[in-house]
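Peer 1: Before I ask anything, let me first share the structure, which is written out below as structure tokens.
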Amino acid sequence: MRFFLLFLALTWGHCSSADTKFSDQVLDRLSKTPEWRLLLHFSKDWEDKGVSEVDGGDFFLSPQGRNNPLAELRATIEAIHSERLLGPLKQIPICAFQGRYQFLREALKLEIPKVNCEKWDGFISRFHDPQRVSLVFSAAYTNNPASMFGHLFLKVGSLKESDLLDVGINYAAQVSPDENPFAFFYFGVMGGYEGHWSVQPYYEKLNEYIKSENRDLWEYELELSPSETLFLLKHLWELETTASVDYYFFDDNCAYEIMRLLEVVRPNWSLTHHTIYAIPGEMVKNLFNEAGVVRKVLFRPSLRKKLLQKYDVMSVEQKERLFDVISRTRPASEIDDPFVLTTLNAYFDYQRQLKKGKLEADENRLWEQIQVRRASFGSITQTDLPEISPETRPDLGHDAYAVDLMAGSEKLDGGFYGYQGIRLKSAYHDLLNKDLGFKRFSEIQFPWMEWRYRPQSNNWHLEELGGVKVTSLTPVSRIDFNPSWRVQLDFESPKDFGCLDCRAFVWDAGIGSSWELGTPDALIYQFFGLRAESDERWEQGYRLLPNLEAGLLAILQENWKLHLQATYNREARHSSPEPEFYKMMMAQSFSWNRNWELRQGFQWITPNFSGDTYRQLRLDFAYYFR
Amino acid sequence: MTKLVIAILVSVAAFSAQAKEKAMAGGGAMNQDTLDGCGLGWQVTDSRTMIATTTRGTTNAFVPPSFGMTSGTLGCEQITFAANEKEAATFVASNYQTLRSELAEGQGEYVNAMIESFGCSASQAPAISQRIQQNYGTVVAPTSNATELFNNLKTEVGHCG
Chain A
1 MRFFLLFLAL TWGHCSSADT KFSDQVLDRL SKTPEWRLLL HFSKDWEDKG VSEVDGGDFF
61 LSPQGRNNPL AELRATIEAI HSERLLGPLK QIPICAFQGR YQFLREALKL EIPKVNCEKW
121 DGFISRFHDP QRVSLVFSAA YTNNPASMFG HLFLKVGSLK ESDLLDVGIN YAAQVSPDEN
181 PFAFFYFGVM GGYEGHWSVQ PYYEKLNEYI KSENRDLWEY ELELSPSETL FLLKHLWELE
241 TTASVDYYFF DDNCAYEIMR LLEVVRPNWS LTHHTIYAIP GEMVKNLFNE AGVVRKVLFR
301 PSLRKKLLQK YDVMSVEQKE RLFDVISRTR PASEIDDPFV LTTLNAYFDY QRQLKKGKLE
361 ADENRLWEQI QVRRASFGSI TQTDLPEISP ETRPDLGHDA YAVDLMAGSE KLDGGFYGYQ
421 GIRLKSAYHD LLNKDLGFKR FSEIQFPWME WRYRPQSNNW HLEELGGVKV TSLTPVSRID
481 FNPSWRVQLD FESPKDFGCL DCRAFVWDAG IGSSWELGTP DALIYQFFGL RAESDERWEQ
541 GYRLLPNLEA GLLAILQENW KLHLQATYNR EARHSSPEPE FYKMMMAQSF SWNRNWELRQ
601 GFQWITPNFS GDTYRQLRLD FAYYFR
Chain B
1001 MTKLVIAILV SVAAFSAQAK EKAMAGGGAM NQDTLDGCGL GWQVTDSRTM IATTTRGTTN
1061 AFVPPSFGMT SGTLGCEQIT FAANEKEAAT FVASNYQTLR SELAEGQGEY VNAMIESFGC
1121 SASQAPAISQ RIQQNYGTVV APTSNATELF NNLKTEVGHC G
């Protein structure tokens, strides 16, 4: 910013007409300003010799543009009168580069010829006098593996009061609809797809996320003025209509590009910090790196939460009436309680979303009858509904990565084996983490590793190498049933056959149900699972372990969580006897200051056949970061 | 070694599903199942006839499908409206079921947006929504698609724009 102001001071009064030649000194200075560098998608700092993040297209007017902001600056100035057609929309430079020329008009008092830019005009008219920009985060949704880290997009507000009529701006890879998953993964990671911006009415975006995927939305309204909002759209236009940018799944994705776009408008904001992977929910935290970025925060709960908000306050009689209508034992016309009808209305709205927009004909008919009956009561004074908890707000949660120092003791066959170790975790959240900022009682874990050192044998070994572990526990409700499920893929050490250091590849999947224990702070769950472990030690190289599991998760206090779990495993074998064993676990966690955590756990594993029970006591001390 | 490869392949499938979702969400193709009736792919011409297409266009600007594209279209019906009603028609078409639901309650976010999309001010919304609720049996209940609802609402909301 200082460079820019100094620069302005130097140039004031130097420019007199559109044909003015700017001195080399002036242009050199301007080319080094963060404003100009960010417009070209270079890094802010002029001493950084990197190239632009834009990969190609017609974004660079100079052949050296991608490496040289000064060359690009000269070329942009010289292109004022150019008739060269750029990009798929075939625009002349002063119509295509809306952002750059506005900047140069201000910085150099450059006179831009007045031209009719029809395509730009058509585009900007969709925004109805843009006023403000919000960053929107749609929460992670474990019931859909494709939505695990959430998503970020923008919302541009107008003068209209209803924000449903705002415009949503989205950045995503452009992929053909029938691309196969493996090619898609490969190209997504390696940058084989182009990233593109698209705009659509905000209500359409809402329909996608809240209604079709049942996710909470968080809107962070930013401290951008109407003119800054317009400048953002101008830069968006020049980017999308001329640039070619490769989409990289891990670090040049929606989260990253949206933050870069915002930095162009406010160079003094630093919004792109991330470690390895630009996780949307973690990137949101960058908005709070400094004060004055966020104006206000709005919460849009999912349809499911809004339905449960009504259902959970109903009396027993009201619930009976509700289910009478749903089960068709009582017509809607006989219901005298408008709140029951309101909840029924919400119920069918939710059902429609579950069924992807299509209800059966008779369900539609019933819904219509409910609506007519409800309308006949007119407005009702709304029953006091409890607030829907804003606990999924992403910027409040613990960070994604962790370093965990641990110490423990294993007991087997009369011997005690102490160990110390280190566990490194990448994203995201597990069952013992504090749930603030995340979906309660959910678990999404991506690669991790645990190394242990045993003083007795004076060696380090790899205890665990994790691939993925996802657990989704959705409490059953009479009005909405969702099964609970889990999957796991890793390399770890089973302790049930008297071996401390044996390891195997593990695949595990389970399906079951969860139940609230009279309070949303406590949950019990049951799973039927199938686990496959592979290693040369077993005949055929693997063993299959069908299992039954039950557990309890409880939030005892704001920062204290308890987890109990028992699993019965029985090896599937053609020959008998079939080995069986029990695993029992008790663990608790204490968290403070968001990113610090202490955990303590016990584990017992009874052996298959005969032998000693395996026991483990362990303590973990973890620090989370991003 | 094979186990490791299989493990990686399975993770690949999970990752790719995720990235694909993001792409599709951006491209809008995901919307197909969730839109009511009409998508948003019509062209407004002077003869004021809307035709279902999968390309996007406005009277004075063409933007490539990756930009300015809203969503795919599904069974869009013929509907007649004036150029200045486009926003209202689009809104009703996309939110038909939600509007039915909120109009029965006599209030709601989508009702307010619908009223504004007709050019009325937000302050007129409570009175208009209550009136529609009182006349639900004639204005909303008999309609079986977005077209009919749009035409009824047009009459009911009046010309405040």
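Line order of the protein sequences matches chains A and B. At position 311 of the first sequence the residue is numbered 311 (the working numbering), and the sequence of numbers has no breaks. Going from the second sequence to the working numbering is simple: count from 1 and add 1000. All C-beta atoms, glycine included, are put in the ideal place defined by N, C-alpha and C.
Does the distance from the CB of residue 229 of chain A to the CB of residue 167 of chain A come in under 8 Å?
Peer 2: No, these two residues do not count as a Cβ contact at 8 Å.
Peer 1: Looking at the strands, I want to know which residues DSSP matches up with residue 543 of chain A.
Peer 2: Answer is A/533.
Peer 1: At the level of alpha carbons, what is the spacing between residue 241 of chain A and residue 92 of chain A?
Peer 2: Their Cα atoms are separated by approximately 11 Å.
Peer 1: Assess contact between the stretch 551-566 of chain A and the stretch 578-588 of chain A, defined as three or more Cβ pairs (one per stretch) separated by less than 8 Å. Is contact present?
Peer 2: Yes, the stretch 551-566 of chain A touches the stretch 578-588 of chain A.
Peer 1: Please decide whether residue 1137 of chain B counts as near chain A, where near means a Cβ-Cβ distance under 8 Å.
Peer 2: Yes, residue 1137 of chain B lies at the interface with chain A (some Cβ there is under 8 Å from its Cβ).
Peer 1: So, do the stretch 1101-1115 of chain B and the stretch 372-380 of chain A have three or more beta carbon pairs nearer to each other than 8 Å?
Peer 2: Touching, per the Cβ criterion.
Peer 1: So the candidates are A/465, A/567 and A/503; which of them puts its Cα closest to the Cα of residue 490 of chain A?
Peer 2: Comparing Cα positions, the closest option is A/465.
Peer 1: What span of residues does the beta strand (DSSP E) with residue 296 of chain A cover, start to end?
Peer 2: Residue 296 of chain A -> beta strand (DSSP E) spans 294-300.
Peer 1: Using the beta-carbon count (16 or more within 10 Å), is residue 245 of chain A buried or exposed?
Peer 2: Under this definition residue 245 of chain A is a buried residue.
Peer 1: Look at residue 479 of chain A and residue 623 of chain A and say whether their C-beta atoms are less than 8 Å apart.
Peer 2: Not closer than 8 Å, so no.
Peer 1: Whose C-alpha, out of A/419, A/291 and A/481, is nearest the C-alpha of residue 307 of chain A?
Peer 2: It is A/481 whose Cα lies nearest to the Cα of residue 307 of chain A.
Peer 1: From residue 537 of chain A to residue 582 of chain A, what distance separates their C-alpha atoms?
Peer 2: Each residue's alpha carbon lies about 21 Å from the other.
Peer 1: Please classify residue 190 of chain A as buried or exposed, where buried requires at least 16 neighbouring CB atoms within 10 angstroms.
Peer 2: Classification for residue 190 of chain A: exposed.
Peer 1: Could you give the C-beta distance for residue 504 of chain A and residue 529 of chain A, rounded to a whole number, given that I count them as a contact under 8 Å?
Peer 2: The Cβ separation is near 16 Å, so there is no contact.
Peer 1: Please state the DSSP three-state secondary structure of residue 77 of chain A.
Peer 2: Of the three classes helix, strand and coil, the one that applies to residue 77 of chain A here is helix, per DSSP.
Peer 1: Looking only at C-alpha atoms, which of A/95, A/364, A/516 and A/111 sits nearest to residue 22 of chain A?
Peer 2: Per the Cα distances, A/111.
Peer 1: Three Cβ pairs or more, each shorter than 8 Å: is that satisfied between the stretch 276-289 of chain A and the stretch 361-375 of chain A?
Peer 2: No contact exists between the stretch 276-289 of chain A and the stretch 361-375 of chain A.
Peer 1: Pull up the distance between the alpha-carbon of residue 568 of chain A and that of residue 494 of chain A, whole angstroms please.
Peer 2: One C-alpha to the other measures close to 14 Å.
Peer 1: With distance defined between alpha-carbon atoms, name the residue in A/565, A/434, A/540 and A/594 nearest to residue 572 of chain A.
Peer 2: Of the candidates A/565, A/434, A/540 and A/594, the one whose C-alpha sits nearest the C-alpha of residue 572 of chain A is A/540.
Peer 1: Where do the ends of the beta strand (DSSP E) carrying residue 508 of chain A lie?
Peer 2: That run of the beta strand (DSSP E) goes 504-516.
Peer 1: Please identify the residue among A/469, A/105, A/124 and A/223 whose C-alpha is closest to the C-alpha of residue 290 of chain A.
Peer 2: The shortest C-alpha separation from residue 290 of chain A is found at A/223.
Peer 1: Verify the CB distance criterion: does residue 1147 of chain B have a CB-CB separation below 8 Å to chain A?
Peer 2: Not an interface residue.
Peer 1: State buried or exposed for residue 511 of chain A, treating a residue as buried only when at least 16 other CB atoms are found within 10 Å of its CB.
Peer 2: Result: exposed.
Peer 1: I want to see whether chain B comes within less than 8 Å of residue 692 of chain A, judged by CB atoms only; does it?
Peer 2: The structure shown does not extend to residue 692 of chain A, since chain A is modelled only from 1 through 626, so no value can be given for it.
Peer 1: Should residue 36 of chain A go down as buried or exposed, given a rule of 16 or more other Cβ atoms within 10 Å for buried?
Peer 2: Label assigned to residue 36 of chain A: buried.
Peer 1: From residue 54 of chain A to residue 100 of chain A, what does the alpha carbon distance come to, in whole angstroms?
Peer 2: Each residue's alpha carbon lies about 15 Å from the other.
Peer 1: Look up residue 471 of chain A in the DSSP assignment and say whether it is helix, strand or coil.
Peer 2: Looking at residue 471 of chain A - three-state DSSP - the assignment turns out to be strand.
Peer 1: Name the chain B residues whose beta carbon is nearer than 8 Å to that of residue 372 of chain A?
Peer 2: The contacting residues are 1104, 1136, 1137 and 1141.
Peer 1: With 8 Å set as the bound, which would you pick, yes or no: does the beta-carbon of residue 1131 of chain B sit closer than that to a beta-carbon of chain A?
Peer 2: For residue 1131 of chain B, the answer is no, since every Cβ of chain A falls outside 8 Å of its Cβ.
Peer 1: Distance check for residue 396 of chain A and residue 604 of chain A, CA to CA, integer angstroms please.
Peer 2: The straight-line gap from Cα to Cα measures roughly 35 Å.
Peer 1: Does any CB atom of chain B fall closer than 8 Å to the CB of residue 53 of chain A?
Peer 2: Closer than 8 Å: no.
Peer 1: Please classify residue 386 of chain A as buried or exposed, where buried requires at least 16 other C-beta atoms within 10 Å of its C-beta.
Peer 2: Exposed.
Peer 1: How close, in whole Å, do the beta carbons of residue 1150 of chain B and residue 1113 of chain B come, if the pair is a contact with beta carbons under 8 Å?
Peer 2: Their Cβ separation, rounded to whole angstroms, is 14 Å, which puts residue 1150 of chain B and residue 1113 of chain B out of contact at 8 Å.
Peer 1: Any C-beta of chain A sitting closer than 8 Å to the C-beta of residue 1118 of chain B?
Peer 2: Not closer than 8 Å to any Cβ of chain A, the Cβ of residue 1118 of chain B fails to qualify, so no.
Peer 1: Determine the chain A residues that contact residue 1109 of chain B at a beta-carbon separation under 8 Å, and present them in chain order.
Peer 2: Simply 162 and 164.
Peer 1: For residue 342 of chain A, does the count of other Cβ atoms within 10 angstroms reach 16, so buried, or fall short, so exposed?
Peer 2: Buried, since its Cβ has 16 or more Cβ neighbours within 10 Å.
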